[in-house]
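Below is one structure; the comments refer to it alone.
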Amino acid sequence: MKSWFSRNWHWLFFLLISVSFMAGLWNFTLEATAVVGLVFGGIGTVSVGILVYYIEKEKRQTGD
Numbered sequence: 727m728k729s730w731f732s733r734n735w736h737w738l739f740f741l742l743i744s745v746s747f748m749a750g751l752w753n754f755t756l757e758a759t760a761v762v763g764l765v766f767g768g769i770g771t772v773s774v775g776i777l778v779y780y781i782e783k784e785k786r787q788t789g790d
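In the numbering used here, the protein residues as written are 727 to 790.
This is the structure we're talking about:
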């Protein structure tokens with residue numbers, strides 16, 4: 727039987743990336759480095775969201 731962490735690590739990763747992105751929004755100032763960080767944070771959040779979607783889709787298909 728798999729441990730809780732091995733079954734749900736992707737959700738923790740998504741939570742970490744999302745909180746990091748929200749912290750970037752909270753402290754946002756209109757400077758070049760802040761805009762670049764916000765763009766990359768958004769790309770990272772969307773990418774990890776897609777990763778979580780495909781992992782959950784695979785888990786549903788295999789019954790894991």
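Even glycine gets a Cβ: it sits at the ideal position worked out from N, Cα and C.
Check	Outcome
Mark I743 as exposed unless 16 or more other C-beta atoms lie within 10 angstroms of its C-beta, in which case mark it buried.	buried
With distances taken Cα to Cα, identify the nearest neighbour of H736 among Y779, G750, I769.	Y779
Taking 8 Å as the threshold (C-beta atoms), are A760 and F754 in contact?	yes
Closer than 8 Å by C-beta to G768: which residues in its own chain qualify, once you throw out the five before and the five after it? Chain order, please.	F747
Taking just the CA atoms, how far does L764 sit from E757?	11 Å
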